[in-house]
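Undergrad:
Numbering (my numbering), first residue to last: 112 to 771.
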């Protein structure tokens, strides 16, 4: 009941707000029945009471660390930390011990999964990864898809919390937390092979310890010009552990490119050899001169026809310079206050693999990949595999008196507060500028799905919102099947409900619709007492009821077991975080329904593709190894027979036994 008071916190003094949070802290450890609702209440306080939570955040984490070993609460603690990571202004005063407290809550859970036995009571659970937590089986005496999906969801969240918090650290501070994290995630027995999640975590530490660069290179115009002649490029590929290194060189110009592909991303370095090449007139060619030659050649026919000088204008050179330093408008921005953009340690670590050692702890050998079609296909598949986790989530607006699918999907606009919500849940982007990028299936060429879309992304996650009101409603499609083609295939649907009635779960039926997040204004008869409504609207701050509907066969998940009252100012980030977590769980749940018992992130998919390439190389090298092993075995047998015959002869000699 005290959670409801958070909505009225603006009418409390600062001391009263602090006391409310302290009450929730007591409820964390005082009674087991109050632990979960108090975690959810504190999660809401992160958004609604930021000043008080900033003051009391460390003590809150200390209280949470006392219950982190309880498996039934682990998912709620991890969801709390996942949201907190998105609110850096709350932990601006954190010191090393505070960050370690955050890490240890996730790391302790991961560490507890290493020595636990996989679920094997049913055939469909026989392939569960050895890091699944059997402790969570207390939720169900017999393994079932829901339990397995829940296990996978919690494990994913644990590694996600480590990744997002590590990346959010200041660049100069990251390296000192690496030994602390490794202490927990590396198995004590060096002969035990690391699981794939640990390998991806190690690769993340390698990539981000000394850099905050984007996970994919954006090739600028000068590089495209430099390497446009494919006949002049020589390419070789090597693999070591979980890293594939490709080196491209121009035959006669001294330029080259190093491309490092790893599970957590791809890095590219364009380099130039300063040693002059013999008999090469272009060995020390200047890049700007090369650009001028290229553009002059492109413009030559037009310049001759117009009688103009074949020279580059200052404006053209400025545009080229901008393309050299510009980045994609949708990509997450890097920290501008960081004094070090590229550290030598970062370059060194990109050329090594920490996660690919053998069972004896020795480094993997380096193998040259064959120059054939299979290698090209393998690298192409790896390049097409995203380096962030992708989510697509539907959003619909339900107006007054709308209760059926057709009228809801036909909406082309919504109320003022709906527009405010839409503007803050993500960034409005033009679809035609996103050709070749992930758009959740939205058309980027013909405008079939509208001109704009809403997206949100950070270093490890990208969300595309299928917003029905941004998609065109056309006469030849009165039932809006073009809209439903996207929204009906989304696992999660956000419903902004201003109909005045309760929204029915199957109003917009879909094969993959697992969870609906319902947003309803407080004044729509949810609070029957009118003075409650008047109080909440007194300061012109609208409030909303956020509730959840789920498919019949899905278990309860997240903090919406009891609907929450949320202000408009924090509604977008709260709903976006809920939708992301629900979407992950829905994916794990669906995979378990189909017989698969492991949720694989895109980092994991990239790691597996690298291992496929490596396995092919090992297979090609096996015949030679088998031949060597055969000769070695033959020689050992020969030596053994020779020694045995010598022993027999000596025995017969000392015993005066003659050979007949």
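Each residue gets a CB set at the ideal place from its N, CA and C atoms; glycine is no exception.
For residue 170, which of 213, 363, 509, 387 has the nearest alpha-carbon?
TA: Walking along the chain shown from the start, residue 170 turns up at place 59. Closest in C-alpha terms to residue 170, from the list 213, 363, 509, 387, comes 213.
Undergrad: Would you tell me roughly how many angstroms separate the C-alpha atoms of residue 667 and residue 263, rounded to the nearest one?
TA: As a working mapping, residue 667 is identified with position 556 in the chain shown. As a working mapping, residue 263 is identified with position 152 in the chain shown. Looking at the two C-alpha atoms, the distance is approximately 15 Å.
Undergrad: Can you give me the C-alpha to C-alpha distance between residue 684 and residue 155, rounded to a whole angstrom?
TA: The residue given as residue 684 occupies position 573 in the chain shown. The residue given as residue 155 occupies position 44 in the chain shown. Rounded to whole angstroms, residue 684 to residue 155 spans 11 Å at the Cα level.
Undergrad: Using the Cβ count rule (16 or more neighbours within 10 Å means buried), how would you classify residue 199?
TA: Here the question's residue 199 lines up with position 88 in the chain shown. Exposed, since its Cβ has fewer than 16 Cβ neighbours within 10 Å.
Undergrad: Which residues bound the beta strand (DSSP E) around residue 661?
TA: Residue numbering aside, residue 661 sits at position 550 when the chain shown is read from its first letter. First-last of the beta strand (DSSP E) with residue 661: 654-661.
Undergrad: State the DSSP-derived secondary structure class of residue 540, mapped to helix, strand or coil.
TA: Along the chain shown, one-based indexing puts residue 540 at 429. If DSSP states are grouped into helix, strand and coil, residue 540 belongs with the strands.
Undergrad: Do residue 574 and residue 274 come within 8 Å of each other at the CB atom, strictly closer than that value?
TA: Position 163 of the chain shown, counting from 1, holds the residue named residue 274. Position 463 of the chain shown, counting from 1, holds the residue named residue 574. Contact flag unset, no.
Undergrad: Per DSSP, which residues does residue 605 bridge with? Please list them.
TA: The residue labelled residue 605 in the question sits at position 494 within the chain shown. Residue 605 pairs with 506, 628.
Undergrad: Contact defined as beta carbons within less than 8 Å: I believe residue 314 pairs with residue 375. What is the distance between those atoms, to the nearest angstrom?
TA: Within the chain shown, the letter at position 203 stands for residue 314. Within the chain shown, the letter at position 264 stands for residue 375. Rounded to the nearest angstrom, the Cβ distance from residue 314 to residue 375 is 5 Å, consistent with a contact under 8 Å.
Undergrad: Once DSSP output is grouped into helix, strand and coil, what is the label at residue 140?
TA: As a first step, residue 140 is located in the chain shown; it is residue number 29 there, counting from the start. Helix, per DSSP.
Undergrad: Taking 8 Å as the cut-off, decide whether the C-beta atoms of residue 725 and residue 350 are in contact.
TA: If you number the chain shown from 1, residue 725 lands on position 614. If you number the chain shown from 1, residue 350 lands on position 239. A distance below 8 Å separates the beta carbons of residue 725 and residue 350.
Undergrad: Would you identify the three-state DSSP class for residue 577, choosing helix, strand or coil?
TA: The count along the chain shown starts at 1 and reaches residue 577 at position 466. Residue 577: strand per DSSP, three-state reduction.
Undergrad: Out of 185, 174, 117, which has the shortest C-alpha to C-alpha gap to residue 209?
TA: Translated into the one-based positions of the chain shown, residue 209 becomes position 98. Closest by alpha carbon: 174.
Undergrad: Can you name, in chain order, every residue of its own chain whose Cβ lies under 7 Å from the Cβ of residue 516, other than the five neighbours on each side?
TA: By 1-based counting over the chain shown, the position of residue 516 is 405. So the list reads 618, 619, once near-sequence residues are dropped.
Undergrad: For the candidate residues 665, 485, 181, 166, whose alpha-carbon lies nearest to that of residue 146?
TA: The residue labelled residue 146 in the question sits at position 35 within the chain shown. Of the candidates 665, 485, 181, 166, the one whose C-alpha sits nearest the C-alpha of residue 146 is 181.
Undergrad: Comparing C-alpha positions only, which one of 322, 718, 318, 367 sits nearest to residue 341?
TA: Stepping through the chain shown from its first residue, residue 341 is reached at position 230. Considering only alpha carbons, the answer is 367.
Undergrad: Can you tell me whether residue 594 is buried or exposed? The criterion is at least 16 other CB atoms within 10 Å of its CB, across all chains shown.
TA: Position 483 of the chain shown, counting from 1, holds the residue named residue 594. Buried is the call here.
Undergrad: Could you give the distance in angstroms between the alpha-carbon of residue 445 and the alpha-carbon of residue 318?
TA: Within the chain shown, residue 445 is the residue found at index 334, counting from 1. Within the chain shown, residue 318 is the residue found at index 207, counting from 1. Confidence at residue 445 is low in this model, with a pLDDT of 44, below 50, so its placement is unreliable and no value can be given for it.
Undergrad: Secondary structure at residue 564, three-state DSSP: helix, strand or coil?
TA: Mapped onto the chain shown, residue 564 falls at position 453. Here residue 564 sits in strand by DSSP.
Undergrad: Tell me the rounded alpha-carbon separation between residue 385 and residue 462.
TA: Working through the chain shown from its first residue, we reach residue 385 at position 274. Working through the chain shown from its first residue, we reach residue 462 at position 351. Going by the C-alpha atoms only, they are around 21 Å apart.
Undergrad: Identify which residue in 669, 478, 608 has its Cα closest to the Cα of residue 722.
TA: Your numbering for residue 722 matches position 611 in the chain shown. Measuring from the Cα of residue 722, the nearest candidate turns out to be 478.
Undergrad: Taking only the alpha-carbon atoms, compute the straight-line gap between residue 348 and residue 358 and give it to the nearest angstrom.
TA: Reading the chain shown from its first residue, position 237 is the one you call residue 348. Reading the chain shown from its first residue, position 247 is the one you call residue 358. Their Cα atoms are separated by approximately 6 Å.
Undergrad: Below 8 Å, can you find three or more Cβ-Cβ pairs linking the region 127-139 to the region 689-703?
TA: no
Undergrad: Taking all protein chains shown into account, decide if residue 290 is buried (16 or more other Cβ within 10 angstroms of its Cβ) or exposed.
TA: To locate residue 290, count along the chain shown from 1; it is residue 179. So residue 290 counts as exposed.
Undergrad: Using a 10 Å radius around the Cβ and a threshold of 16 neighbouring Cβ atoms, would you call residue 251 buried or exposed?
TA: Stepping through the chain shown from its first residue, residue 251 is reached at position 140. Low local confidence applies: a pLDDT of 37 at residue 251 is under 50, so the model's placement there is unreliable, and no value is given.
Undergrad: Is it the case that the Cβ atoms of residue 551 and residue 528 are separated by a distance below 8 Å?
TA: For this step, residue 551 is matched to residue 440 along the chain shown. For this step, residue 528 is matched to residue 417 along the chain shown. No, these two residues do not count as a Cβ contact at 8 Å.
Undergrad: Can you list, in chain order, the residues of its chain whose CB lies under 6 Å from that of residue 582, leaving out five sequence neighbours each side?
TA: Along the chain shown, read from residue 1 onward, the residue named residue 582 stands at position 471. Around residue 582: 560, 561, 594.
Undergrad: Answer yes or no: the CB of residue 499 versus the heavy atoms of the ligand GDP, is any distance below 7 Å?
TA: Only the bare structure without any ligand can be found here, which leaves the ligand GDP out of the picture.
Undergrad: Starting from the C-beta of residue 567, find all residues in its chain whose C-beta is less than 8 Å away, skip the five residues before and the five after it, and write them out in chain order.
TA: Position 456 of the chain shown, counting from 1, holds the residue named residue 567. Excluding sequence neighbours, residue 567 sits near 536, 537, 538, 573, 574, 576, 687.
Undergrad: Tell me the DSSP secondary structure of residue 123 in three-state form.
TA: As a position in the chain shown, residue 123 is number 12, starting the count at 1. Here residue 123 sits in coil by DSSP.
Undergrad: Could you give the distance in angstroms between the alpha-carbon of residue 429 and the alpha-carbon of residue 624?
TA: For the purposes of this step, residue 429 is identified with residue 318 of the chain shown, where counting begins at 1. For the purposes of this step, residue 624 is identified with residue 513 of the chain shown, where counting begins at 1. Reliability of the predicted coordinates at residue 429 is poor, the pLDDT of 46 falling under 50, and the value obtained from them is presented with this limitation in mind. Rounded to whole angstroms, the gap between the alpha carbons of residue 429 and residue 624 is 49 Å.
Undergrad: DSSP on residue 376, reduced to helix/strand/coil?
TA: One-based indexing of the chain shown puts residue 376 at position 265. If DSSP states are grouped into helix, strand and coil, residue 376 belongs with the strands.
Undergrad: Taking 8 Å as the CB-CB limit, is residue 136 close to chain D?
TA: Reference to chain D is not applicable here, since this structure consists of a single protein chain.
Undergrad: Measure the beta-carbon distance from residue 179 to residue 220 and round it to whole angstroms, keeping in mind my assumption that it falls under 8 Å.
TA: Position 68 of the chain shown, counted from the first residue, corresponds to residue 179. Position 109 of the chain shown, counted from the first residue, corresponds to residue 220. Contact flag correct, Cβ pair sits at about 7 Å.
Undergrad: Which one of 589, 658, 652 has the shortest CA to CA distance from residue 605?
TA: Residue numbering aside, residue 605 sits at position 494 when the chain shown is read from its first letter. Selected option, being the one with the closest Cα: 658.
Undergrad: Taking DSSP as the reference, what is the three-state secondary structure of residue 500?
TA: In the chain shown, residue 500 corresponds to position 389, counting from 1. Correct three-state label for residue 500: strand.
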